[in-house]
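Written below as structure tokens is the structure these notes are about.
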Amino acid sequence: MCHQFSQVLLERKEADVIFLDCTKAFDRLPHDVIVASLRKHGVDEHLLALFSDYLKGRSQRVMVDGFFSEEIAVKSGVPQGSILGPTFFTVAVNGLSGAVQSRVLQYADDIVLYRNVSVEEDCHASQEDLNNLAKWCCEVGLEINLQKSQHLRISNKMRKTAIPFGSYSFNAVGHPDRSRSRVPRCDDLEPNGLGRSSGQGGSQMQRKTLLHQSLSPSSFRYGQAASIQELSSISNGLCFIIMAHHGERAKKEA
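As structure tokens, this is what we get:
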């Protein structure tokens with residue numbers, strides 16, 4: 001993912017990245033959806049019946065001060081800590097990529113939508129993907145936590161492609177109000193890695209600090225033979241390259 005983002009900056013392009021987080025995804029996925037997904041992936045009926053029995057028929061209760069509550073049936077979720085649980089979840093959400101046109105990067109219940117943008121139509125396409133994703137989530141019983149979701153614009157352009165509707169929104173069923181379904185936007189990712197709040201790209205000391213934080217931990221953590229002087233030499237060289245790059249950009253823009 002970092003390589004893809006760096007390529008966008010090197011090629012002077014723009015990309016919209018939307019990070020989405022599912023709320024208690026491993027607990028909310030209905031058993032019927034899991035079984036149906038296994039059937040779509042070619043699991044035969046005998047093995048499907050075994051997996052169905054493994055998931056269904058479970059119940060839970062709580063105990064407070066030595067008293068038990070009534071048992072209630074567990075109709076959703078995969079068994080936590082089990083070997084089959086993560087596999088069942090992965091199979092069940094495997095159809096997500098078919099619901100959208102943007103590139104999908106997914107790890108467990110974390111979803112990333114990624115698309116290059118150069119014109120307003122690209123932003124409309126990203127919003128359409130979010131709408132389709134909302135429908136897909138309703139079909140499989142998942143819910144997106146907007147408070148943990150973020151929209152990130154990757155760009156090193158002075159004039160960025162504007163989002164026609166101001167911001168992206170996740171219009172799930174039951175949330176017709178756009179203001180309540182808006183995806184929060186974090187600071188733009190700039191080439192210096194310090195965010196747009198750093199003004200004119202940050203001071204030289206800020207760049208050195210950032211480079212030392214990037215280089216030093218990896219060198220010492222993996223046992224590489226690197227002295228402080230070597231790290232300082234590397235960071236000074238990189239700072240020189242960055243400052244020269246910004247100088248060339250300033251001349252071209254002037």
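Quick note on numbering: the sequence shown equals residues 1 to 254 in full-length UniProt numbering. Ideal Cβ placement from N, Cα and C applies to all residues, glycine included.
#### Entry: Neighbourhood of F5 by C-beta, 6 Å cutoff - its chain only, sequence neighbours within 5 removed
I154
### Query
What does a CB cutoff of less than 7 Å around L105 pick up in its chain, not counting 5 residues either side in sequence?
M1, V112 and Y114
### Query
For L142, which three-state DSSP category applies?
coil
### Span separating the alpha-carbon of E45 from that of H31
16 Å
### Task
Helix, strand or coil for D122, going by three-state DSSP, please let me know.
helix
### Query
Would you say A99 and L133 are within 8 Å of each other, going by their C-beta atoms?
yes
### Task
Rank F89, N116, F68 and L48 by C-alpha distance to the C-alpha of L29 and give the top, closest one.
F89
### Query
Can you give the beta carbon distance from A92 to V140, rounded, assuming they're within the 8 Å contact cut?
7 Å
### Query
Quick one: Cα of L38 to Cα of K160, how far?
44 Å
### Query
If we count Cβ pairs, one from each stretch, closer than 8 Å, do we get three or more for the region 12 to 20 versus the region 59 to 79?
no
### Task
Quick one: give me the first and last residue of the alpha helix (DSSP H) that Q4 is part of.
C2 to L10
### Task
Compute the distance between the beta-carbons of E128 and C137, then report whether it is under 8 Å.
no
### Query
When you compare only the Cα positions, how much space is there between H175 and Y168?
Because H175 sits at a pLDDT of 37, beneath the cut-off of 50, its placement in the model cannot be relied upon, and the following sentence gives the value as read from the coordinates. Roughly 14 Å separates the two Cα atoms.
### Query
In terms of residue numbering, what span does the alpha helix (DSSP H) encompassing F26 cover?
A25 to R28
### Message
The beta strand (DSSP E) that contains I18, what's its start and end?
### Response
A15 to D21
### V33 versus Q60: straight-line alpha-carbon distance, rounded
21 Å
### Task
Measure the C-alpha to C-alpha separation of F165 and Q150 and round it to an integer number of angstroms.
16 Å
### Query
Per DSSP, which one or two residues make a beta bridge with S76?
P30
### Message
Could you tell me the alpha carbon to alpha carbon distance between T23 and K148, rounded to whole angstroms?
### Response
9 Å
### Task
Could you check what DSSP says for Y54 in three-state terms: helix, strand or coil?
helix
### Residues near D122 in its chain [Cβ-Cβ closer than 8 Å; skip 5 each side]
D16, R115, N116 and T161
### Query
Starting from V112 and walking both ways along the beta strand (DSSP E), at which residues does that stretch end?
D110 to N116
### Query
Does DSSP classify R153 as helix, strand or coil?
strand
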